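J.: Residue numbers (the working numbering): 119 to 787.
The structure that follows is given in the form of C-alpha cells.
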Amino acid sequence: MKQPENKWQHWTLRREADGLAWLEIDKANSTTNSLSAAVMEELGCVLDTLDARPPAALVIASAKAAGFIAGADIDEFSRMDSAADARVMVARGWTLFERLADVSYPTLALIRGHCLGGGLELALACRYRIVVDEPGTKLALPEVMLGIVPGWGGMKRLPDRIGPALALDLMLTGKAVDAKKAKRIGLADDCVPPRVMENAARMRVRSGSANPPLPWMARLMNGPLQAKVADKARKQVAGRARREHYPAPYAIIDMWARFEGNALAVPAGDPAALETIFASPTTRNLLRVYHLQERLKGFGKGADFVPRHVHVIGAGVMGGDIAAVCAQRGLTVTLQDQTVERIAPAIARAAKLFERRFKGDRRLVRFALDRLIPDPQGHGAVRADVIIEAIFENLDAKRALFADLERRARPDAILASNTSSLKLEDIATCLSDPGRLLGIHFFNPVAMMPLVEVVAGEQSDVLALQRAAAFVRKLDKLPLPVKSAPGFLVNAVLGPYMLEALRCVEEGIAPEVVDAALVDFGMPMGPVELVDTVGLDIAVAAGKALAGAGAAPPQKLLALVSAGKLGKKTGEGYYRWKDDKPVRATAGAVPAGLADRILAPLLSATRRCVADGVVADADLADAGVIFGTGFAPWSGGPMNYLQRGANAPLGVDSVLAERNPPLIQQDPI
Ligand code: NAI
119 MKQPENKWQH WTLRREADGL AWLEIDKANS TTNSLSAAVM EELGCVLDTL DARPPAALVI
179 ASAKAAGFIA GADIDEFSRM DSAADARVMV ARGWTLFERL ADVSYPTLAL IRGHCLGGGL
239 ELALACRYRI VVDEPGTKLA LPEVMLGIVP GWGGMKRLPD RIGPALALDL MLTGKAVDAK
299 KAKRIGLADD CVPPRVMENA ARMRVRSGSA NPPLPWMARL MNGPLQAKVA DKARKQVAGR
359 ARREHYPAPY AIIDMWARFE GNALAVPAGD PAALETIFAS PTTRNLLRVY HLQERLKGFG
419 KGADFVPRHV HVIGAGVMGG DIAAVCAQRG LTVTLQDQTV ERIAPAIARA AKLFERRFKG
479 DRRLVRFALD RLIPDPQGHG AVRADVIIEA IFENLDAKRA LFADLERRAR PDAILASNTS
539 SLKLEDIATC LSDPGRLLGI HFFNPVAMMP LVEVVAGEQS DVLALQRAAA FVRKLDKLPL
599 PVKSAPGFLV NAVLGPYMLE ALRCVEEGIA PEVVDAALVD FGMPMGPVEL VDTVGLDIAV
659 AAGKALAGAG AAPPQKLLAL VSAGKLGKKT GEGYYRWKDD KPVRATAGAV PAGLADRILA
719 PLLSATRRCV ADGVVADADL ADAGVIFGTG FAPWSGGPMN YLQRGANAPL GVDSVLAERN
779 PPLIQQDPI
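Printed below as a string of C-alpha cells:
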C-alpha cells in the first residue's frame, strides 16, 4: 500500500515499503497539468527531498484524468517581454531536467493521455517511459508550431533516444505519435493497457535493464554524419518555409547539430540564438494564432447541449463527408438522399476515412460504420438533435425541404443549412418559426478543414447558435460565428484573391509563377492550384454569387469551363493533373510585388468583413482566415499583418492604398 509522505501544492510524493516512490503531478486550480514556474520550482523541492533520502526507484505519473503534462505554461510565455526572460525560462527547465536525468536512482515516466512539449522533455529525462495504450495518449514536441524550440533537453535527448532522422521529423513538424508508435520507434519502453500500467511501471523501473542502443545507422547520423544530416534537414525545411518567416525550425537543426541540443550554448549574435527567435515577430504571431484557436474552442462552451444523433440530408460531396465525420466522432448519423444508390458512394468514402483515422483498427471501423445509417426515407429527422441540409444549391428545393422538416423534427432540434451562397433569410421564410434556421457551413474537404462557420441569419435564435457551436466542438472542429452575408467570411475573402490571381494569368503571367509567389509568402497552396482543386465550374458560380454582375470572370476561365476542363476532377484546368498532382513547368522569376498585388484584395475584403460586422472583431477575422484558408500563420492573420505593416516584409499597405478604391467600387460584397 502506498503511504502519503510529502504533499506540495502541485506534486505529491508517496513511498512504498520496498523503497519505490511515486510522484504524482496534479497542478492546482487547473484541469490540465502544465509546467508553470511554480510547478517547476516545486519539482526542484521534490528533488531536494529525494536527494535527502533517495528512493530505490521513482515513478512519475499524473493524477489528472485529462492526461500527463500538456507542456510549459503558454500564458506565462506569452507574458514575457524580453529575450532575457526567455533565457531564464529555458535555463530553468534545462537545469532542472539535467538534474532529474542525473539522479542516482532509476526513474520512469508513466504516460497516460497527452504528453507534450515540456511534458515529453521531462519524460525523456527519466531513464524509462511507459505509455498507456489509449486513444488519448499522444507524445509530441510541438514547440515549433509556436515559433519556439524544445529547449528543456528535448533537442538533446530525443535524437539520442530514437535517432536523429525521426527526432528531427517530430521536432520540425510538431506532429504527435500515439502509444503504439511511441513503443515502435523506441520512444517508450513499453506500451500497456490501463489495467496493468502500475504493475508494468513497477516492474520496469526496478528491472535494471539498460536502454537499448540506437541502430548503427542512427548512431552514425548522430556522430560523424551529423553535419550532412543537418544540411539535408535544412534543405527540406527550406522547401517548406523561409527562414525569415519561420526561424525556429532552422534554429532547432543548428542547436542539435552545432550545440548538442543546448539552446543556452548558442551565443547571442548567432542566427539560431534564443534572442533572435524571441525578437522575430513570428514567435509573437504564432502565439497569437494559438490564442485565437483557444478562443474559437471556447465558443459553445456555455451551451448545455450534448448532441447524440445527427440527421444529414444530401449525401453528395459535402453531406456525405459531414455524415462521415460525425460518425467518426461517435455520433449516430442518419444519412438521407433521394435514393439508396446516391447514398452508397458516401458510405464507401466514409469507410476509407475510418480506415485511415482508426489506423485499420477493425473494431473501431466497424463501430463507426454501424453508427452511419443510410436513411433514404428520412425517418431519422424525427429523432435527431441536429439536422443538417446539404442538398443542391437550389432555393425552392431547400425551402420545400425545411417546410417539411419543421413539421417533423423535434421542437428543440437544430435546423441548419450548409448553403454557401443562398440567403438564410430567404430559405427561412418557409418556416413558421424562422428563428429556428441557422447555417453550419463546412469546408471541402470536410475531414481536413478545421474551421466551420456558424452562420446567424437575421432572425436566428441565439441559444440555437450556441448549441450549433457546441455541436461543431463535438466534431473537434473550430466554430467561427459569422453573420449571414454573401460568402460569409472565408469565401468572401478567398473569392477576390483567386480572381486577382486569375487576372494575372490572363495578363500572361504563368500559373506556376503566380503560385510560386504565394507559396513563398506562406500560403499552403498557390491560388491557381486552389481554383483547379475547387473546380473551375464552382469558381465561376461562386464568383457570380459573390460579385453579382459587377466583375466579369476572366475569359480563360470561361473558355476552360466551356471546354469541360474543370480542373483536378476532370484531369485538366489551368494545369494538367496527373496522379492528383498538377504537372508544372519550372517557374520563372517572380516579378517584384506580385504576391502583394494578389493578396491586396484578400486583405481589403477581410477589412471590409470586419467593418460590416460579418465577424465580431479583427481577431476573429484573423482566426477565420487562418483556419479557413491556411493564410500564412507566421503573419498572425491578415488584420494583424495589415496592422503591423512595419514588420511585414512586403509593402502591402502601399499596394492596398493604390488598389483599394477600384476594388471596393467593383466588388459589391
Ligand atoms: P452535391 O451535388 O455533391 O450533392 C447534393 C446531393 O443532394 C445529391 O446527392 C442529391 O441527390 C441530393 N439531393 C438533392 N435534393 C434532395 C432532396 N430534396 N432530398 C434529399 N437529397 C437531395 O452538392 P454539394 O457540393 O455536396 O453541395 C451541397 C450543399 O453544400 C450546397 O448547398 C452547397 O452550396 C454547399 N457547400 C458546398 C461546398 C463544396 O465545396 N461543394 C462547400 C461548402 C458548402
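Cβ atoms here follow ideal geometry from the backbone N, Cα and C, with glycine treated the same way.
This structure is a prediction, so every number in the text was calculated from the model and none was measured.
Beta-carbon within less than 8 Å of residue 379's beta-carbon, same chain only, minus the 5 sequence neighbours each way: which residues are those?
T.: The residues are 271, 272, 273, 274, 275, 277, 373.
J.: So is residue 525 buried or exposed if we call it buried at 16+ other beta carbons inside 10 Å?
T.: Counting Cβ neighbours within 10 Å, residue 525 comes out exposed, since fewer than 16 surround it.
J.: Helix, strand or coil: which one does DSSP assign to residue 557?
T.: If DSSP states are grouped into helix, strand and coil, residue 557 belongs with the strands.
J.: Which residues does DSSP pair with residue 363 in a beta bridge?
T.: The partner list for residue 363 (beta bridge, DSSP) is empty, contrary to what the question assumes.
J.: With the cut-off set at 8 Å, would you say residue 107 and residue 631 are in Cβ contact?
T.: Outside the displayed range of the chain (119 to 787) lies residue 107, so it cannot be described from this structure.
J.: With a threshold of 16 other CB atoms inside 10 Å of the CB of residue 728, please say whether the residue is buried or exposed.
T.: Its Cβ being crowded by 16 or more others within 10 Å, residue 728 is buried.
J.: Alpha carbon to alpha carbon, what distance is there between residue 612 and residue 693?
T.: Looking at the two C-alpha atoms, the distance is approximately 20 Å.
J.: In whole angstroms, what separates the C-alpha of residue 207 from that of residue 213?
T.: Using only the alpha carbons, I get a separation of about 10 Å.
J.: Out of 655, 288, 574, 332, state which residue places its alpha-carbon closest to the alpha-carbon of residue 355.
T.: Comparing Cα-Cα distances from residue 355 to each of 655, 288, 574, 332, the minimum goes to 288.
J.: Taking Cβ positions, are residue 546 and residue 575 nearer each other than 8 Å?
T.: Yes, they are a contact pair.
J.: Helix or strand or just coil, what does DSSP make of residue 766?
T.: With a pLDDT of only 45 at residue 766, under the threshold of 50, the placement of this residue in the model should not be trusted, and no figure is reported.
J.: State the beta-bridge partners of residue 427 as determined by DSSP.
T.: Answer is 450.
J.: To which residues of the same chain is residue 83 closer than 8 Å at the C-beta, ignoring the five residues directly before and after it?
T.: An answer regarding residue 83 cannot be provided, because it is not within the stretch 119 to 787 covered by the chain.
J.: Nearest-angstrom Cα distance between residue 210 and residue 318?
T.: Near 31 Å, if we compare the C-alpha coordinates of residue 318 and residue 210.
J.: Just to check, is the beta-carbon of residue 178 closer than 7 Å to a non-hydrogen atom of the ligand NAI?
T.: Not so, every heavy atom of the ligand NAI lies at least 7 Å from the Cβ.
J.: Can we count residue 542 as close to the ligand NAI, meaning its CB is less than 7 Å from some heavy atom?
T.: Outside the cutoff, so no.
J.: Assuming residue 141 and residue 187 form a contact by the criterion Cβ under 8 Å, report the distance between their Cβ atoms to the nearest whole angstrom.
T.: Actually they do not touch by this definition, with Cβ atoms about 12 Å apart.
J.: Hey, residue 471 and residue 565 are a contact pair by Cβ (cut 8 Å); roughly how many whole angstroms apart?
T.: 6 Å between Cβ atoms; contact.
J.: On the criterion of 16 or more Cβ atoms from any shown chain inside 10 Å, does residue 326 qualify as buried, or is it exposed?
T.: Residue 326 comes out exposed.
J.: Could you give the DSSP three-state label for residue 507: helix, strand or coil?
T.: Here residue 507 sits in strand by DSSP.
J.: Say the cut is 7 Å; is the CB of residue 429 nearer than that to a heavy atom of the ligand NAI?
T.: No - the ligand NAI has no heavy atom lying nearer than 7 Å to the Cβ of residue 429.
J.: Any heavy atom of the ligand NAI closer than 7 Å to the Cβ of residue 606?
T.: It does not: the Cβ of residue 606 is nowhere closer than 7 Å to a heavy atom of the ligand NAI.
J.: Please say whether residue 754 and residue 407 have beta carbons closer to each other than 8 Å?
T.: Yes, the Cβ-Cβ distance between residue 407 and residue 754 is below 8 Å.
J.: Is DSSP giving residue 123 helix, strand or coil here?
T.: Three-state result, residue 123: strand.
J.: Check residue 266 in the structure and name its three-state DSSP category.
T.: The answer is coil: DSSP assigns residue 266 none of H, G, I, E or B.
J.: Would you mind stating whether residue 572 and residue 556 have Cβ atoms separated by less than 8 Å?
T.: A contact, by the Cβ cut-off of 8 Å.
J.: Shortest alpha-carbon distance to residue 321 belongs to which of 180, 340, 174?
T.: Of the candidates 180, 340, 174, the one whose C-alpha sits nearest the C-alpha of residue 321 is 174.
J.: Does the region 250–267 come close enough to the region 394–413 that 3 or more CB-CB pairs lie under 8 Å?
T.: In short, these stretches touch, since the Cβ pair count reaches three.
J.: Can you check which of these residues, 370, 306, 134, 249, is closest to residue 312 by C-alpha distance?
T.: Answer by Cα proximity: 249.
J.: For residue 163, which of helix, strand or coil comes out of DSSP?
T.: In this structure, residue 163 counts as helix in the three-state DSSP scheme.
J.: Tell me whether residue 536 counts as near the ligand NAI, meaning its Cβ is closer than 7 Å to at least one heavy atom of that ligand.
T.: Because some heavy atom of the ligand NAI lies under 7 Å away, the Cβ of residue 536 counts as near it: yes.
J.: Between residue 194 and residue 155, how many whole angstroms is the CB-CB distance? I'm expecting something under 8 Å.
T.: Indeed, because the Cβ distance is near 6 Å, the residues count as touching under 8 Å.
J.: Threshold first: 4 residues or longer. Then list the alpha helix (DSSP H) segments lying entirely within the region 723–767, N to C.
T.: Entirely contained in the region 723–767, the alpha helix (DSSP H) runs reaching 4 residues are, in chain order, 736–747, 756–761.
J.: Taking only the alpha-carbon atoms, compute the straight-line gap between residue 300 and residue 487 and give it to the nearest angstrom.
T.: In a straight line, the C-alpha of residue 300 is about 28 Å away from that of residue 487.
J.: Hey, quick one: how far does the beta strand (DSSP E) through residue 247 stretch, first residue to last?
T.: That run of the beta strand (DSSP E) goes 246–250.
J.: From residue 609 to residue 640, what does the alpha carbon distance come to, in whole angstroms?
T.: Whole-angstrom Cα-Cα distance: 19 Å.
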